[in-house]
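Protein chains: 2
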Amino acid sequence: MKLLTKHTDYAIRALSELCENKNKFFSARQIAKRQRIPYQFLRQILQGLIKDKLVISKEGSGGGFRIDKDPNLISIVDIIAIFQGNIQLSDCMFRKKLCANRSNCVLKKQINRVEKLVNKEFKGITIGCLLKDLEKQRRRL
Amino acid sequence: MKLLTKHTDYAIRALSELCENKNKFFSARQIAKRQRIPYQFLRQILQGLIKDKLVISKEGSGGGFRIDKDPNLISIVDIIAIFQGNIQLSDCMFRKKLCANRSNCVLKKQINRVEKLVNKEFKGITIGCLLKDLEKQRRRL
DNA sequence: GTTAACTGATATTATTATAGTATCAGTTAC
DNA sequence: GTAACTGATACTATAATAATATCAGTTAAC
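Line by line, the protein sequences are chains C and X. Terminal number for the first sequence in this note's numbering: 141, no gaps in between. Terminal number for the second sequence in this note's numbering: 282, no gaps in between.
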């Protein structure tokens, strides 16, 4: 029962890493080591980020990945969407027919309401704002 | 990626069924049939509801289950808690140590915020209010 | 007092999602 | 040419969820 999977978690970390220098290419191996992410798993994740054009890659020796979108425009819903599909709090919503019992449908309405709320909140959480929070935290130490 | 499992979904339906007549004992077989819930699965769920004293049971022929708590005081967080533990949107929160990367911890803070929001909203959704919604819906038809 | 309709408790299996690993082909810089 | 990379994809492992099966004990009614 969780809304964020490792895919999303690792993707966020990888993106933050890339933001350390937006012009540099970081190799998957580098990122994996620094962020303690299983290497092959990270490579899959990076492929996902490429498809959505959040990062760009360079093949060959000295190659790697570079951020390709304004961090302030990368929200965690975008990342969730890549790896987990749209946010849905209950299976119930997938059922095409009306539920056997109507009470389930009134539940669905309530859940939909909360779902929209979560979506809205998550949209507001961007890589950019996470980095800002991080900066603040660092200054405080 | 869902917050409500079948356990919770079925439990809500079973409780609504029991509310049809708060003094009557309904057998698991009856409920299963009417709500189209796999019988043995439902029995497990009802055992869970008994442990938390949401329902009471009567053994033997003519026995079954009866609601034992004011529906207005049964919130879906209570039910989620029985079958899924506390609401947690990310695994990250389980890690005792600080994350390798601090950015993860700032993420944690944001997720915690949304988590509290979801909890608050879910607390407001009770069996009682779902039944009320259902009544309204019926009257409209 | 036997039988049918029940619950209590628990073990087992199936299914699916998530997480992680392995491999091979192709690219690039030196 | 070779070491350090990515692209693509197949495979395996683990865990959570969903569902099934079984047996012992209880109760009501005949």
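Each residue gets a CB set at the ideal place from its N, CA and C atoms; glycine is no exception. It should be emphasised that the depicted structure is a prediction, and the values quoted were computed from it without experimental measurement.
The three-state reading of DSSP puts R177 (chain X) in coil, since its state is none of H, G, I, E or B. Secondary structure remark: continuous beta strand (DSSP E) runs of at least 3 residues inside the stretch 162–225 of chain X, in chain order: 196–199, 205–208. The stretch 170–183 of chain X and the stretch 128–139 of chain C do not touch, with fewer than 3 CB-CB distances between them shorter than 8 Å. Residue state for L275 (chain X) is assigned as helix, using DSSP reduced to three classes. By DSSP's assignment, T267 (chain X) forms a beta bridge with X:S216. Interface flag for Q44 (chain C) against chain X is unset, since no Cβ pair is found closer than 8 Å. Under a 10 Å Cβ-count criterion, R113 (chain C) is classified as exposed, with fewer than 16 other Cβ atoms of the shown protein chains found around its own Cβ. For L54 (chain C), no Cβ of chain X is located within less than 8 Å of the residue's own Cβ. Exclusion of the five residues before and after G48 (chain C) leaves H7, A11, I82, F83 as the residues of its chain whose Cβ lies within less than 8 Å of its Cβ.
Residue contact with chain C for D274 (chain X): present (Cβ-Cβ distance below 8 Å to some residue of chain C). With the rule of 3 Cβ pairs closer than 8 Å, the stretch 159–167 of chain X counts as touching the stretch 197–214 of chain X. In the assembly as shown, L183 (chain X) is a buried residue. Its beta-carbon has 16 or more other beta-carbons within 10 Å. For T8 (chain C), the uninterrupted alpha helix (DSSP H) run begins and ends at 6–18, by DSSP.
In the three-state scheme derived from DSSP, where H, G and I count as helix and E and B as strand, L144 (chain X) is classed as coil. With respect to the C-alpha of P71 (chain C), the residue from C:L46, C:I127, C:E20, C:L18 having the closest C-alpha is C:I127. Interface annotation, L117 (chain C): in contact with chain X, CB-CB separation under 8 Å. For F263 (chain X), a Cβ of chain C is located within less than 8 Å of the residue's own Cβ.
Using a Cβ distance threshold of 8 Å, L15 (chain C) and L73 (chain C) do not count as a contacting pair.
With fewer than 16 neighbouring CB atoms inside 10 Å of its own CB, K123 (chain C) falls in the exposed class. Between the alpha carbons of L18 (chain C) and C160 (chain X) lies a distance of about 55 Å.
A distance below 8 Å separates the beta carbons of I125 (chain C) and I76 (chain C). The contact set of L18 (chain C) on chain X, defined by CB atoms closer than 9 Å, is empty, because the minimum CB distance reaches about 11 Å.
Using a 10 angstroms sphere on the CB of R154 (chain X), the tally of other CB atoms reaches 16 or more, which defines it as buried.
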